Amino acid sequence: MSEITIHPEFQKRMNLLLGEVEYQEFEMALQEDSLTSIRLNPFKISTCPFEGNPIPWSSNGFTLKKRPGFTLDPLFHAGAYYVQEASSMFISEILRQLQVPKGIFLDLAAAPGGKSTLLSTYLAQEGLLVANEVIQSRNQILKENLIKWGLGNTIVTNNDPAHFQELEGFFDLVLIDAPCSGEGMFRKDPEARNEWSPDHVKLCAGRQQRILDQVGGLVKGGGYLIYSTCTFNEQENEEMIRFLVSEFAYEPVRMELDPKWKIEESSIPTEEGTFFGYRFYPHRVPGEGFFISVLKRPNDAYNQEPKKKKDFKHPFLKMVDEKTCQTLDEELGFENSQYYLLNDSYFRFPSMWKTHFEQILQSLNIRYFGTEIGKKQKEEWIPSHDWAVSILPKKDFSNQEISENEALEFLRKNDLELTLEKVGWVLLTYQKLPLGWVKNLGNRVNNYYPKEWRIRNL
Ligand code: SAM
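So for the sequence shown, the working numbering puts the first residue at 120; every next one is plus one.
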């Protein structure tokens, strides 16, 4: 890696934050390569497929001995793990320590989906996640990552924070992983380094304050707000917590830290008491720079319950009636599902979150929800890829385990020469994990891997 040049004003500020001696260690860490870490999808695999060390604050996280070529690993495409830097995984520890009730969570700035896949895992079959990304072009990758993760407990939305007004007091947890000046990403992201200036920090802080002003009220009584950035400076971190506390009722939350983790606690005195933030420095932890703070909404704060609507009205979506939902559940081997139809394709959604979903549908731009199952034509299912990689059963289809080379050919969407026993739809698996569908026509096998996801040029 070529030597990293650092803005003198940034050097000065970090010197103040760390002291001169520790600053030298920090600067040396910036010249090193960043570590690679992954978080396993416990619904798909239970052991780390690479040589690595467990990350102490995440039961599914591992720092890898060396960086593998993920693109050529079929398990990566099967949603068996997510490549995520280790500091961010501290959210798992927060959820664990606070035993946050599994309800409805919002990830406000979600793309590409690292923290959303973590929240989706935590919520599993009991909760619902709204993964929002304001930038339209980044919605696609967010959706793709959540489909591959496969838990079907998520709604992907494409909205500006200002559009959430009607959902005040609606969420049990709101995560704001704010767009920031990225000081913690300097060794990973040259753009963050080149873009850095005191004015840019100011601009980011202004944007963060606007976002917090718009969404600080969305947490219901007793719920939690998590604010995080990948930057070190106080303007974008402590100052934002002070702003939040000055505008909305919140109580402080303090985490227990093992000194071995070398995470630094920051006390944030405010008129409402002392709040806490946690800094992760690359010279101390096996991850990148990160800041995170947790706040609790007082129990008596506003709590909005979704209103049950008598009739379901939507320009494109059709709701499937209760009896048909039960019949479909029996046929497919699913449970407690509410189905919707979009362009003749069935979407499965957990029925316990139906009223919440329908309320969200009224105020937000929904890009994806639950799991697309596919179309049914004359009693025959045309199954979707999303169903293949989801954790839902696929009970009436035959499976075929394939080799690594065959899996890569499949993922490149090339023609496959497979000997399959049965004609019709066949689910291909690699190390027992579903990769997608092929259709055996007898004389040839058609590859149904999504064109837009295929591995190119490798
Ligand atoms: N949470 C993501 C993850 O773990 O993969 C990373 C999120 S990144 C730090 C911040 C996100 O905020 C980006 O996806 C960016 O597009 C989005 N963003 C940019 N401007 C925004 C704004 N004004 N309001 C909300 N989100 C914004």
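Using N, Cα and C, we set each Cβ at its ideal position, and we do this for glycine too. Please read all numbers here as calculations on a predicted model, not as lab measurements.
#1: Tell me the residue span of the beta strand (DSSP E) that contains Thr273.
#2: Name the DSSP beta bridge partners of Ile223, please?
#3: In whole angstroms, what separates the C-alpha of Leu547 from that of Asn179?
#4: For Val364, which three-state DSSP category applies?
#5: Whose C-beta lies closer than 6 Å to the C-beta of Pro405 among residues of the same chain, with five residues either side of it excluded?
#6: Can you list, in chain order, the residues of its chain with a C-beta nearer than 6 Å to that of Gln203? Leave out the 5 residues immediately preceding and following it.
#7: Terminal residues of the continuous alpha helix (DSSP H) containing Arg215?
#8: Can you tell me whether DSSP reads Ser165 as helix, strand or coil?
#9: Can you check whether the CB of Glu357 is closer than 8 Å to the CB of Ile387?
#10: Quick test of the definition: if touching needs 3 or more C-beta pairs under 8 Å, does the stretch 210-217 touch the stretch 185-199?
#11: Mind checking which residues open and close the alpha helix (DSSP H) that includes Thr474?
#12: Where does Pro161 land, buried or exposed, given buried means 16+ other C-beta within 10 angstroms?
#13: So Arg452 packs on Lys514, CB below 8 Å; how close in whole Å?
#14: Confirm, please, whether the CB-CB distance from Met471 to Val413 is below 8 Å.
#15: What do you get for Ala243, buried or exposed, if any count of 16 or more other CB atoms within 10 angstroms of its CB means buried?
#16: Using three-state DSSP, classify Trp544 as helix, strand or coil.
#17: Between the stretch 247-264 and the stretch 121-140, are three or more C-beta pairs nearer than 8 Å?
#18: Given Glu391, which residues of its chain have a CB within under 7 Å of its CB, disregarding the five upstream and five downstream residues?
#19: Along the beta strand (DSSP E) that carries Phe289, what are the first and last residues, could you check?
#20: Between which two residues does the beta strand (DSSP E) holding Thr124 run?
#21: With a threshold of 6 Å on Cβ separation, who are the neighbours of Lys221 within its own chain once the five nearest residues in sequence on each side are excluded?
#22: Going by Cα to Cα distance, which pick from Arg531, Gln550, Leu552 is closest to Glu571?
#23: Based on the DSSP output, what are the partners of Pro193 in its beta bridges?
#24: I want to check one thing, is the minimum distance from the CB of Pro512 to the heavy atoms of the ligand SAM below 7 Å?
#25: In the DSSP assignment, the alpha helix (DSSP H) including Val334 goes from what residue to what residue?
#26: Taking the C-alpha atoms as reference points, what is the distance between Lys163 and Pro553?
#27: Would Pro193 and Leu527 be called neighbours here (beta carbons separated by less than 8 Å)?
#28: Measuring alpha carbon to alpha carbon, tell me which of Asn277, Asp419, Asp505, Gly408 ends up nearest Gly340.
#29: Could you say which of Gly198, Gly269, Gln354, Gly342 lies nearest to Ala297 if we only look at CA atoms?
#30: With a Cβ-Cβ cutoff of 8 Å, do Tyr201 and Thr236 count as a contact?
#31: Return helix, strand or coil for Pro469, following the three-state DSSP convention.
#32: Return the Cβ separation of Glu491 and Trp506 in integer angstroms, given the expectation that the two are a contact with Cβ distance under 8 Å.
#33: Within 10 angstroms of the Cβ of His643, are there 16 or more other Cβ atoms? Answer buried if so, exposed if not.
#34: Just to confirm my understanding: we take Glu263, look at its own chain, exclude 5 residues before and 5 after, and list those with CB closer than 7 Å. What are they?
#35: Helix or strand or just coil, what does DSSP make of Asn565?
#36: Using DSSP's beta-bridge definition, name the partner residues of Trp572.
Put simply:
#1: The sequence position of residue 273 within the sequence shown is 154, counting from 1. Element bounds for Thr273: 273-276.
#2: Against the sequence shown, residue 223 aligns to sequence position 104. Ile223 pairs with Leu247.
#3: Stepping through the sequence shown from its first residue, residue 547 is reached at position 428. Stepping through the sequence shown from its first residue, residue 179 is reached at position 60. Roughly 26 Å between the two C-alpha positions.
#4: Position 245 of the sequence shown, counted from the first residue, corresponds to residue 364. Of the three classes helix, strand and coil, the one that applies to Val364 here is helix, per DSSP.
#5: Working through the sequence shown from its first residue, we reach residue 405 at position 286. Leu154, Thr182, Ala205.
#6: Here the question's residue 203 lines up with position 84 in the sequence shown. So the list reads Arg158, Gly233, once near-sequence residues are dropped.
#7: For the purposes of this step, residue 215 is taken as the residue at position 96 of the sequence shown. Start and end: 209-217.
#8: For this step, residue 165 is matched to residue 46 along the sequence shown. Coil at Ser165, not helix or strand.
#9: Residue 387 sits at position 268 when you count from the first residue of the sequence shown. Residue 357 sits at position 238 when you count from the first residue of the sequence shown. Yes, they are a contact pair.
#10: no
#11: Residue numbering aside, residue 474 sits at position 355 when the sequence shown is read from its first letter. Where Thr474 is concerned, the enclosing alpha helix (DSSP H) stretches over 473-482.
#12: In the sequence shown, residue 161 corresponds to position 42, counting from 1. Pro161 is exposed by the Cβ-count criterion.
#13: Residue mapping note: residue 452 aligns to position 333 of the sequence shown, counting from 1. Residue mapping note: residue 514 aligns to position 395 of the sequence shown, counting from 1. First, the amino acid is wrong: residue 452 is Gly here, not Arg. Confirmed, Cβ separation roughly 4 Å.
#14: Stepping through the sequence shown from its first residue, residue 413 is reached at position 294. Stepping through the sequence shown from its first residue, residue 471 is reached at position 352. Going by C-beta atoms, Val413 is not nearer than 8 Å to Met471.
#15: Position 124 of the sequence shown, counted from the first residue, corresponds to residue 243. It counts as exposed.
#16: Along the sequence shown, one-based indexing puts residue 544 at 425. Looking at Trp544 - three-state DSSP - the assignment turns out to be strand.
#17: Using a Cβ-Cβ distance cut-off of 8 Å, the stretch 247-264 and the stretch 121-140 are not in contact, since fewer than three pairs of beta carbons, one from each stretch, lie closer than that value.
#18: As a first step, residue 391 must be located in the sequence shown, where it is residue number 272. Taken in chain order, the residues that qualify are Val364.
#19: As a working mapping, residue 289 is identified with position 170 in the sequence shown. Neither: Phe289 is in no beta strand (DSSP E) and is coded neither H nor E.
#20: Here residue 124 corresponds to residue number 5 of the sequence shown, with the count starting at 1. Segment: none, Thr124 is in no beta strand (DSSP E) and carries neither H nor E.
#21: For the purposes of this step, residue 221 is taken as residue 102 along the sequence shown, with counting starting at 1. Same-chain partners within the cutoff: Leu242, Glu245, Gly246.
#22: Residue mapping note: residue 571 aligns to position 452 of the sequence shown, counting from 1. Considering only alpha carbons, the answer is Arg531.
#23: Here residue 193 corresponds to residue number 74 of the sequence shown, with the count starting at 1. Partner(s): none; Pro193 has no beta bridge.
#24: Your numbering for residue 512 matches position 393 in the sequence shown. Because no heavy atom of the ligand SAM lies under 7 Å away, the Cβ of Pro512 does not count as near it: no.
#25: What you label residue 334 is simply residue 215 of the sequence shown in a count that begins at 1. Where Val334 is concerned, the enclosing alpha helix (DSSP H) stretches over 317-334.
#26: For this step, residue 163 is matched to residue 44 along the sequence shown. For this step, residue 553 is matched to residue 434 along the sequence shown. Near 9 Å, if we compare the C-alpha coordinates of Pro553 and Lys163.
#27: To locate residue 193, count along the sequence shown from 1; it is residue 74. To locate residue 527, count along the sequence shown from 1; it is residue 408. A Cβ-Cβ contact shorter than 8 Å links Pro193 with Leu527.
#28: Taking the sequence shown and counting its residues from 1, one reaches residue 340 at position 221. Ranking Asn277, Asp419, Asp505, Gly408 by Cα distance to Gly340 puts Asp419 first.
#29: Start at 1 with the first residue of the sequence shown, and residue 297 comes out as number 178. Nearest of Gly198, Gly269, Gln354, Gly342 to Ala297, Cα basis: Gln354.
#30: As a first step, residue 201 must be located in the sequence shown, where it is residue number 82. As a first step, residue 236 must be located in the sequence shown, where it is residue number 117. Their beta carbons are under 8 Å apart, which means Tyr201 touches Thr236 by this criterion.
#31: Taking the first residue of the sequence shown as position 1, residue 469 is located at position 350. Pro469: strand per DSSP, three-state reduction.
#32: Indexing the sequence shown from 1 puts residue 491 at position 372. Indexing the sequence shown from 1 puts residue 506 at position 387. At roughly 7 Å, the Cβ-Cβ gap stays under 8 Å, so Glu491 and Trp506 are in contact.
#33: The first residue shown for the chain is 120 and the last is 577, placing residue 643 beyond what the model contains.
#34: Indexing the sequence shown from 1 puts residue 263 at position 144. Result list for Glu263: Trp572, in chain order.
#35: Taking the first residue of the sequence shown as 1, we reach residue 565 at position 446. Here Asn565 sits in strand by DSSP.
#36: To locate residue 572, count along the sequence shown from 1; it is residue 453. Answer is none; Trp572 lacks a bridge partner.
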